[in-house]
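Right, one structure below, let's go through it.
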Amino acid sequence: MAMTGRSASRRLLIQALYQHQISGHNRSVLHEQYINGREAVRADKPYFEQLLKEVMASLEELDERIAVYADRPIEQIDPIERAVLWLGVTELDLHPDLPPKVVMNEAIELCKLFGSQDGYRYVNAVLDKAVKDIRP
């Protein structure tokens, strides 16, 4: 079954954030490329746009925050896992309507879909520390 709504928005976002890390494309280029793509049909486009804006506006801050919970320098985190962590911390921080369990589950599923074989375990461990801090 295909992802729809917010899940599809998150999936698009991870692809866009990965591309940003690899190519350096800015938010407007990423927005244009992904909002009009085939996969965007199933996505909650306003949610994708909101998340893209929130994450891209605070990449340095997100890296600093993630570094507190990570066991390695931020530059050594796989780009997919880093993108998922950016998303997870952003949703935990700026979207209090989302239960932490939903944020964690979505992050794990995205890592399983796009990441390395055990990447989801790493993301789960880092977000588990973050959730205790952000949503005590």
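The numbering used here runs 1256 ahead of the 1-based position in the sequence shown.
Glycine is no exception: its CB is placed at the ideal position from the N, C-alpha and C atoms.
Residue 1363 places its beta carbon 8 Å or farther from that of residue 1350.
In this structure, the beta-carbon distance from residue 1269 to residue 1307 falls below 8 Å. When rounded, the separation of the alpha-carbon atoms in residue 1322 and residue 1315 is 10 Å. Within the same chain, and ignoring the five residues on either side of residue 1367 in sequence, the residues whose Cβ sits closer than 6 Å to its Cβ are 1340, 1375, 1376 and 1379. Under the DSSP assignment, residue 1284 falls in the alpha helix (DSSP H) whose first and last residues are 1283 to 1291. When DSSP states are grouped into helix, strand and coil, residue 1264 belongs to the helix group. As the crow flies, the alpha-carbon of residue 1391 is around 8 Å from that of residue 1356. Secondary structure note for residue 1318: its alpha helix (DSSP H) is the uninterrupted segment 1315 to 1325. The continuous alpha helix (DSSP H) containing residue 1382 extends over residues 1375 to 1390. Within the same chain, and ignoring the five residues on either side of residue 1387 in sequence, the residues whose Cβ sits closer than 8 Å to its Cβ are 1348, 1356, 1359 and 1360.
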